[in-house]
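Chains as they are written, first to last, in my numbering: chain A, 349 to 602; chain B, 8 to 619. Beta carbons: idealized from backbone N, C-alpha and C, even for Gly. This report concerns only the one structure given below.
Here it is, written out as structure tokens:
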């Protein structure tokens with residue numbers, strides 16, 4: 349009996365330790381005295397108030413950095429890595445697109461419109477030089493085009509209608525599918541909030557982006573460190589299978 | 008010069024008016040709100056129309072064997088199936104469905120996290136949860152709030168432009184936005200541990216870490232391992248990664264499938280589920296009509312991504328017996344109406360608002376249901392007080408209304424006729440200014456493709472759910488809708504905070520939720536205390552738990568749990584009679600094949616209830 353009790357106590361220690369750790373965090377210090385605690389100030393918590401909410405990837409990154417820093421400086425937890433999202437070069441994205449694997453884009457708004465148009469062009473090959481956003485021509489499309497077996501774009505209704513109109517050729521050829529979320533006519537500004545982080549799944553890796561400029565080659569592209577990337581890939585791979593069935597469903601509804 | 012052109016173009020844009028024919032497809036058509044039918048045991052319902060099919064149907068049957076050209080025509084059976092009957096549900100019941108949708112998510116969220124953390128921290132957590140069964144309180148989310156949303160694309164652009172010209176307009180959000188979270192984040196699971204322990208065995212090997220330590224001699228520190236106490240001396244990263252990945256795969260395939268099933272069941276099962284139980288809810292006399300709690304969903308292809316939605320038109324009560332409350336409702340409708348027409352209407356339309364509102368409210372109070380009810384006369388007087396003086400003041404000021412005199416009903420109907428005259432003048436580009444007394448009126452009051460006066464109708468999308476007589480008199484109905492979105496985010500959702508304001512309230516709750524759900528391995532650092540004791544003098548070294556706390560968390564990738572799959576959202580919208588039902592695709596009572604497992608034949612179930 350005593351042995352069982354002792355085993356149980358030992359077993360419960362780590363679970364109870366969570367209480368201990370969480371209850372020992374200096375919550376008052378973090379929240380009340382943001383301006384007084386010099387340690388916390390060194391984490392630049394005011395950056396949270398300046399986050400650009402139209403750029404969810406940057407919000408995630410900014411929040412992670414501050415949280416990680418506050419955790420380490422105020423109390424004990426320094427076991428997290430410096431960053432969660434690292435910049436990826438445009439060349440890396442292009443290589444990922446050319447890897448001959450399926451591509452999926454999730455998001456809404458101007459960024460997805462631009463990346464969708466770019467995909468539409470590389471899928472049918474050439475023509476990139478004629479394309480410009482705000483007078484800036486894109487020279488980054490390979491002349492012969494890129495071989496992507498299938499590309500899916502999941503976006504809100506309004507962006508979907510825009511892209512379907514723009515990318516007719518690629519859609520007719522069957523290389524590109526645009527999947528609209530929500531009803532036939534809905535509220536784009538609200539589904540924009542709901543779709544969350546803009547994601548490009550290419551070459552078996554997830555990439556987030558922050559479309560600050562007009563053309564995708566000049567955006568800030570972000571990717572995860574190796575082990576994180578593998579885990580995100582797990583979800584993204586599953587998501588593609590759900591998107592494939594969604595695009596099949598769309599045909600069914602038609 | 009340029010601004011003159013701009014002004015010219017602007018006025019042209021103004022003069023265009025609404026454009027309905029291009030896109031409206033799913034229309035709310037004749038609702039059947041006859042309460043006497045309810046007393047005879049028939050469930051109240053409304054009718055919706057597929058406009059494209061209806062148009063084709065109106066052209067008559069096309070027979071290619073008789074030499075007719077049938078290209079571009081729908082198959083006859085399809086054209087015939089253009090009317091659909093949707094039973095009404097109670098608002099209360101749809102809120103309960105929304106709660107179940109939330110609960111299903113919460114269950115998944117808990118199972119996802121605790122599976123990962125238990126498998127990673129095996130055997131310690133396995134002992135605690137899978138063996139000892141440590142568990143917090145059950146999940147019990149409160150009823151979600153009702154929130155009305157106005158889908159901007161459902162509203163005609165001409166109206167939206169006019170209404171948002173002076174300042175932005177609050178269109179509301181999905182009622183479910185920000186609700187995919189737990190109510191309380193506790194350091195213990197809020198689901199039965201059996202739900203996330205399936206197939207999990209105690210695992211002692213391989214070795215997960217060699218603890219970090221510090222050495223004290225006579226109470227003063229002489230050495231500590233790098234990263235002490237946050238990091239162990241050595242950590243088995245490969246095994247930790249493999250464990251997390253295994254657990255995530257299990258959660259995202261099995262537990263997520265359970266979530267989808269649970270949602271489909273909650274959304275597509277009528278409550279109560281048999282016609283007998285439903286009919287027993289209906290009262291037999293007027294006074295006890297009340298608000299029978301029933302949820303009668305209609306799949307409009309179903310809620311899955313790429314399909315459509317599940318909808319249920321809602322009532323707050325069948326018949327409003329509390330007359331003071333009814334007057335408050337009518338006044339709220341007036342406030343909403345006035346606010347919108349003030350924004351979007353011309354001077355003449357603002358004047359006509361009194362007529363329009365008076366006629367609708369009068370129809371309501373004059374309806375047979377209210378006949379002889381004590382207190383109705385007081386409501387009629389209230390209405391006259393609200394409308395009489397301002398309307399009469401306007402009949403003097405606007406030339407086209409000049410001849411309107413007599414009692415209030417007369418004035419209202421005379422003003423309505425006069426306004427139609429004005430509308431014809433606008434359309435014929437006649438001398439409008441003379442009729443309006445110099446006030447400009449460029450847009451038509453009545454649009455070709457839109458029933459009623461389009462601006463007043465569009466404004467109904469802002470009206471709240473109500474009782475059947477109010478719906479009937481004002482000509483609209485509110486709907487509950489649910490559909491899936493693909494969302495790329497984390498669990499718990501990092502977006503569930505308003506970081507535009509860093510203050511105690513929103514920072515703490517959010518920070519707690521994020522911190523208490525990090526993916527961490529709990530390890531125990533050691534202190535090795537070396538002391539010279541009098542035993543006779545000898546050196547004793549013994550390990551003890553350090554002062555920094557008995558256990559330390561070590562972050563393991565992906566640190567926060569990712570999520571990028573479908574999630575069910577819900578909302579309530581109001582639809583004017585004759586106008587588009589937003590957020591749907593295809594046809595009602597049809598389900599995509601992926602939902603065929605839930606393919607209850609709802610139409611057959613509802614037929615005896617509706618009588619058609």
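Using 10 angstroms around the beta-carbon of residue i, count the other beta-carbons present and answer buried if the total reaches 16, otherwise exposed.
{"i": "residue 577 of chain A", "result": "buried"}
{"i": "residue 417 of chain B", "result": "exposed"}
{"i": "residue 462 of chain B", "result": "buried"}
{"i": "residue 381 of chain A", "result": "Bear in mind that a pLDDT of 40 at residue 381 of chain A, under 50, signals an unreliable position, so the model cannot answer this."}
{"i": "residue 521 of chain A", "result": "exposed"}
{"i": "residue 119 of chain B", "result": "buried"}
{"i": "residue 559 of chain A", "result": "buried"}
{"i": "residue 614 of chain B", "result": "exposed"}
{"i": "residue 577 of chain B", "result": "buried"}
{"i": "residue 588 of chain A", "result": "buried"}
{"i": "residue 230 of chain B", "result": "exposed"}
{"i": "residue 126 of chain B", "result": "buried"}
{"i": "residue 436 of chain B", "result": "exposed"}
{"i": "residue 403 of chain A", "result": "buried"}
Closest Cβ-Cβ distance between residue i and chain A: below 8 Å?
{"i": "residue 259 of chain B", "result": "yes"}
{"i": "residue 501 of chain B", "result": "yes"}
{"i": "residue 569 of chain B", "result": "yes"}
{"i": "residue 562 of chain B", "result": "yes"}
{"i": "residue 252 of chain B", "result": "yes"}
{"i": "residue 484 of chain B", "result": "no"}
{"i": "residue 76 of chain B", "result": "no"}
{"i": "residue 566 of chain B", "result": "yes"}
{"i": "residue 255 of chain B", "result": "yes"}
{"i": "residue 534 of chain B", "result": "no"}
{"i": "residue 197 of chain B", "result": "no"}
Three-state secondary structure (DSSP) at residue i?
{"i": "residue 496 of chain A", "result": "coil"}
{"i": "residue 427 of chain B", "result": "helix"}
{"i": "residue 380 of chain A", "result": "Because residue 380 of chain A sits at a pLDDT of 41, beneath the cut-off of 50, its placement in the model cannot be relied upon, and the following sentence gives the value as read from the coordinates. In the structure shown, residue 380 of chain A sits in coil (DSSP, three-state: anything other than H, G, I, E or B)."}
{"i": "residue 362 of chain A", "result": "The pLDDT assigned to residue 362 of chain A is 49, lower than 50, so where the model puts this residue is not dependable, and the model offers no usable value."}
{"i": "residue 326 of chain B", "result": "coil"}
{"i": "residue 558 of chain A", "result": "strand"}
{"i": "residue 448 of chain B", "result": "coil"}
{"i": "residue 587 of chain B", "result": "strand"}
{"i": "residue 194 of chain B", "result": "coil"}
{"i": "residue 412 of chain B", "result": "coil"}
{"i": "residue 319 of chain B", "result": "strand"}
{"i": "residue 54 of chain B", "result": "strand"}
{"i": "residue 515 of chain A", "result": "coil"}
{"i": "residue 567 of chain B", "result": "coil"}
{"i": "residue 33 of chain B", "result": "strand"}
Less than 8 Å between CB atoms is the rule here; does residue i satisfy it with respect to chain B?
{"i": "residue 579 of chain A", "result": "yes"}
{"i": "residue 575 of chain A", "result": "yes"}
{"i": "residue 603 of chain A", "result": "Residue 603 of chain A lies beyond the stretch modelled for chain A, which goes from 349 to 602, so this question has no answer here."}
{"i": "residue 377 of chain A", "result": "The predicted position of residue 377 of chain A is uncertain, since its pLDDT is 40 and thus under 50; a value taken from the coordinates is nonetheless stated next. Not one chain B Cβ lies under 8 Å of residue 377 of chain A."}
{"i": "residue 467 of chain A", "result": "no"}
{"i": "residue 437 of chain A", "result": "no"}
{"i": "residue 548 of chain A", "result": "no"}
{"i": "residue 571 of chain A", "result": "no"}
{"i": "residue 508 of chain A", "result": "no"}
With DSSP as the reference, identify every bridge partner of residue i, one or two as the case may be.
{"i": "residue 456 of chain B", "result": "According to DSSP, which records beta bridges pairwise, residue 456 of chain B is partnered with nothing at all."}
{"i": "residue 597 of chain B", "result": "B:307"}
{"i": "residue 576 of chain B", "result": "B:490"}
{"i": "residue 231 of chain B", "result": "B:221"}
{"i": "residue 241 of chain B", "result": "B:217"}
{"i": "residue 503 of chain A", "result": "A:528"}
{"i": "residue 581 of chain B", "result": "B:485"}
{"i": "residue 436 of chain A", "result": "A:569"}
{"i": "residue 562 of chain B", "result": "B:527"}
{"i": "residue 549 of chain A", "result": "A:452 and A:554"}
Next on the checklist: As an exercise, report each continuous alpha helix (DSSP H) stretch of at least 4 residues that is fully enclosed by the region 477-549 of chain B, in chain order.
Outcome noted: Entirely contained in the region 477-549 of chain B, the alpha helix (DSSP H) runs reaching 4 residues are, in chain order, 511-522.
Checklist entry - Enumerated in chain order, which unbroken segments of the beta strand (DSSP E) with a length of 3 residues or greater are wholly contained in the region 342-390 of chain B? => result Within the region 342-390 of chain B, no run of beta strand (DSSP E) at least 3 residues long lies entirely inside it.
Checklist entry - Which ranges would you report for the alpha helix (DSSP H) in the region 76-150 of chain B if only whole runs of at least 4 residues count? => result Fully enclosed alpha helix (DSSP H) runs of no fewer than 4 residues occupy 83-87 and 98-127 of the region 76-150 of chain B, in order along the chain.
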